[in-house]
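Each residue of the sequence shown is one higher than the last, beginning at 0 in numbering that gives the first Met the number 0. Report on the following structure.
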Amino acid sequence: MTAKRIDGKAVAAALRERIAAEVARFRDATGRAPGLATVLVGEDPASAVYVRSKGKATLEAGMESFAHHLPMITTQGELVALVDRLNDDPAVDGILVQLPLPPQIDERVIITRISPDKDVDGFHPVNAGRLAIGLHGFVPCTPLGCLKLLQGELGDLAGKDAVVIGRSNIVGKPMALLLLKESCTVTVAHSKTRDLPEVVRRADIVVAAVGRPEMVKGDWIKPGATVIDVGINRLPADDDGKSRLVGDVDFNSAAEVAGAITPVPGGVGPMTIACLIRNTFVSAARREGFSYEKSL
Ligand code: GUN
Numbered sequence: 000m001t002a003k004r005i006d007g008k009a010v011a012a013a014l015r016e017r018i019a020a021e022v023a024r025f026r027d028a029t030g031r032a033p034g035l036a037t038v039l040v041g042e043d044p045a046s047a048v049y050v051r052s053k054g055k056a057t058l059e060a061g062m063e064s065f066a067h068h069l070p071m072i073t074t075q076g077e078l079v080a081l082v083d084r085l086n087d088d089p090a091v092d093g094i095l096v097q098l099p100l101p102p103q104i105d106e107r108v109i110i111t112r113i114s115p116d117k118d119v120d121g122f123h124p125v126n127a128g129r130l131a132i133g134l135h136g137f138v139p140c141t142p143l144g145c146l147k148l149l150q151g152e153l154g155d156l157a158g159k160d161a162v163v164i165g166r167s168n169i170v171g172k173p174m175a176l177l178l179l180k181e182s183c184t185v186t187v188a189h190s191k192t193r194d195l196p197e198v199v200r201r202a203d204i205v206v207a208a209v210g211r212p213e214m215v216k217g218d219w220i221k222p223g224a225t226v227i228d229v230g231i232n233r234l235p236a237d238d239d240g241k242s243r244l245v246g247d248v249d250f251n252s253a254a255e256v257a258g259a260i261t262p263v264p265g266g267v268g269p270m271t272i273a274c275l276i277r278n279t280f281v282s283a284a285r286r287e288g289f290s291y292e293k294s295l
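Dropping the structure here:
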């Protein structure tokens, strides 16, 4: 392996410490803690794990966590009513409705119902629009975490060739807009892209967010490039009965060529939660007119 392994866990822990220090100042100044409300509908075990770890990180940063758990049979009207209550609750600075939602509920209705100024996931169309035209808003946590890792490795990104593989609303599209804002030359590749390996070979920065295990191979990578792997794919159990988590990048071959690369797990994942904590703190600070360290 020649690439530097980017330690997302360590970067995330350092960011969370800086946020905790700002939260302490906020509490002294305002007499209250920033609050994050999480909403989980149903019993999906992976979603339950994610929501629990978000709540834990919230408390560790010195903020309040309001965890709402609704049954699988919850109606759309009931969930809308809860979102409305949270929108009106002054103790709640951030609202996170864990996706996916059960089939009887239209995700778009719920996402659009959350107040854009409490939308710490950055999924509301108003926040997507703000990002697109360069206004302050909330940026989705995963691409924001990827950007912070890239800036930590490379400093200024201006003029770099960046290829984002994947065009989802949650990762690919906002990632491309963030890199464009940093003056990268951005290509968004997807399932219909012709000669994907050749496109990726041009990139100084590769962000892989397609959800296909180990799709990006080492011989697709330009020597010295920085590779950010957003994928979290669980492979079926092999002969020893253990299942493995892998990214969208074939780590071993890519690490022979890249300059720096994120592992899975321990790369982007911890940054997503740190950025959620960051967005919640920033929401509280904006709502209270509290000035904070802008580099957070
Ligand atoms: N489900 C998977 N990832 C996410 C996320 O970042 N936010 C929410 N709300 N749900 C998710």
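Backbone N, C-alpha and C fix where the C-beta goes; we use that ideal spot for every residue, glycine too. If you're wondering where the values come from, they're calculated on a predicted model, not measured in any experiment.
Counting along the chain, where does the beta strand (DSSP E) carrying Asp-228 start and finish? Note, Asp-228: beta strand (DSSP E), 225-228.
Just to confirm, does Thr-279 get its C-beta within under 7 angstroms of one of the non-hydrogen atoms of the ligand GUN? The ligand GUN never approaches Thr-279 closely enough for any of its heavy atoms to be under 7 angstroms from the residue's Cβ.
Alpha-carbon to alpha-carbon, Pro-262 and Asp-6: Looking at the two C-alpha atoms, the distance is approximately 8 angstroms.
What number of angstroms, rounded off, separates the C-alpha of Asp-194 from the C-alpha of Ala-11? About 35 angstroms.
Taking the alpha carbon of Gly-230 as the reference point, which residue from Ala-236, Lys-221, Gly-210 and Lys-241 has its own alpha carbon closest? Ranking the options by Cα distance to Gly-230, first place goes to Gly-210.
At a threshold of 7 angstroms, does Val-96 count as lining the ligand GUN (C-beta to nearest heavy atom)? Yes, the Cβ of Val-96 comes within 7 angstroms of a heavy atom of the ligand GUN.
Considering only heavy atoms of the ligand ZN, does any lie closer than 7 angstroms to the CB of Asp-43? The ligand ZN is not among the ligands present in this structure, which contains only the ligand GUN.
Buried or exposed: Arg-277, going by 16 or more other Cβ atoms within 10 Å of its Cβ? Buried: at least 16 other Cβ atoms inside 10 Å.
Once the 5 residues before and after Cys-140 are set aside, which same chain residues still bring their CB inside 6 angstroms of it? Hits under 6 angstroms: Thr-271, Cys-274 and Leu-275.
With contact counted as at least three CB pairs below 8 angstroms, one residue from each stretch, are the region 148-157 and the region 111-120 in contact? Flag = no, the region 148-157 and the region 111-120 do not touch.
With H, G and I counted as helix, E and B as strand and the rest as coil, what does DSSP make of Glu-287? DSSP places Glu-287 in helix when its eight states are reduced to three.
Going by CA-CA distance only, name the one from Leu-179, Arg-200, Pro-142 and Gly-246 that's closest to Val-170. It is Pro-142.
If I follow the unbroken alpha helix (DSSP H) through Gly-105, where does it start and stop? The residue you asked about is not Gly; residue 105 is Asp in the sequence shown. Careful: Asp-105 lies outside any alpha helix (DSSP H) and carries neither H nor E.
What's the call for Leu-304, buried or exposed, on a 16-neighbour Cβ count within 10 Å? Lying before the first or after the last residue shown, residue 304 is absent from the chain, which here runs from 0 to 295.
What separation, rounded to the nearest whole angstrom, lies between the Cα atoms of Ala-9 and Val-215? Answer to the nearest angstrom: the Cα atoms are 25 angstroms apart.
Quick one: measure Cβ to Cβ for Val-40 and Leu-95, integer angstroms, because I've assumed they're closer than 8 angstroms. About 12 angstroms separates the beta carbons of Val-40 and Leu-95, which is beyond the 8 angstroms limit, so they are not a contact pair.
Would the beta-carbon of Gly-217 fall within 8 angstroms of that of Ala-253? Yes, these two residues count as a Cβ contact at 8 angstroms.
Taking 8 angstroms as the threshold (C-beta atoms), are Val-198 and Val-163 in contact? No.
With respect to the beta strand (DSSP E) encompassing Phe-65, which residues constitute its N-terminal and C-terminal limits? 63-69 is the extent of the beta strand (DSSP E) around Phe-65.
Where does the unbroken beta strand (DSSP E) through Asp-160 begin, and where does it stop? Residues 160-164.
For Thr-29, the first and last residue of its enclosing alpha helix (DSSP H): Segment 7-29, the alpha helix (DSSP H) holding Thr-29.
Residue closest to Pro-102, alpha-carbon to alpha-carbon, out of Ile-18, Asp-43 and Leu-58: Ranking Ile-18, Asp-43 and Leu-58 by Cα distance to Pro-102 puts Asp-43 first.
Figure out for me which residue from Glu-59, Arg-233 and Ala-157 has the closest Cα to the Cα of Ala-20. Out of Glu-59, Arg-233 and Ala-157, Glu-59 has the C-alpha closest to the C-alpha of Ala-20.
Alpha carbon to alpha carbon, how far is Gly-76 from Leu-100? Give it in angstroms, no decimals. If I take the Cα positions, the gap works out to 13 angstroms.
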